[in-house]
Amino acid sequence: MFADADPVITRALAHYIAENDAGASRVLGDFIDANAGHVRGRARRAPTQLIFTAGEHHDLRQLFDELNTRYFDGKIDAAITWGARTGRPRRRNSIKMGSYSVEDRLIRIHRSLDRAFVPRFFVAWIVFHEMLHQVHDIRVKNGRREFHSKAFLADEALFEHFDQAKSWERRHLDALLTY
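Rendered as structure tokens:
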């Protein structure tokens, strides 16, 4: 898997092995996820995850479709789903509220956001953010992959409820971390 890897990846591998570097670990994790199908020459398999868009409080398909029409002229071609259910509630130190898989064209939204106290505009902002990943390429800058370029962040700020969503997140992060 690492034989033909970009120098950014091999440096991350060295930092991870030598220093147990958390940033390098994230870079490697993304690389491994993206290249797992190439191990021993196997072709990449289609994702086996089932798609669940209807939550108890928020419908991801409806949000995606509305955002796609309003902000992207219907050009975002991706599936969307709630992430896997977790076990009993617990306090986390961090949370990845959403993710976008380039290879699968799949947006996953953390189940912690499908709760009554989480406003629709906040979930919409997370979905919008993940949709932007299909618009903006991942560049390498100073030897590191840049997922959120200045252009990405400028586009994200165009979301109608951007300031309100950022403010809500700061005020309710502790509640989101307990899931």
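In the numbering used here, the protein residues as written are 161 to 339.
Glycine included, each C-beta is placed from N, C-alpha and C at the ideal position.
- Between I267 and A238, the gap from beta carbon to beta carbon is short of 9 Å.
- If the five residues before and after G303 are omitted, its C-beta is found closer than 7 Å to the C-beta atoms of V168 and R171, all from its own chain and listed in chain order.
- For S259, the enclosing beta strand (DSSP E) has its first and last residue at G258 to S261.
- For R305, same chain residues with a beta-carbon under 8 Å away, outside a window of 5 residues either side, are V168, V187, D190, I298 and R299 in chain order.
- Residue pairing by DSSP puts A239 in a beta bridge opposite L266.
- When the alpha-carbon of F319 is set against those of F282, R275 and I269, the nearest one is in F282.
- Collapsing the DSSP output to three states places D166 in coil.
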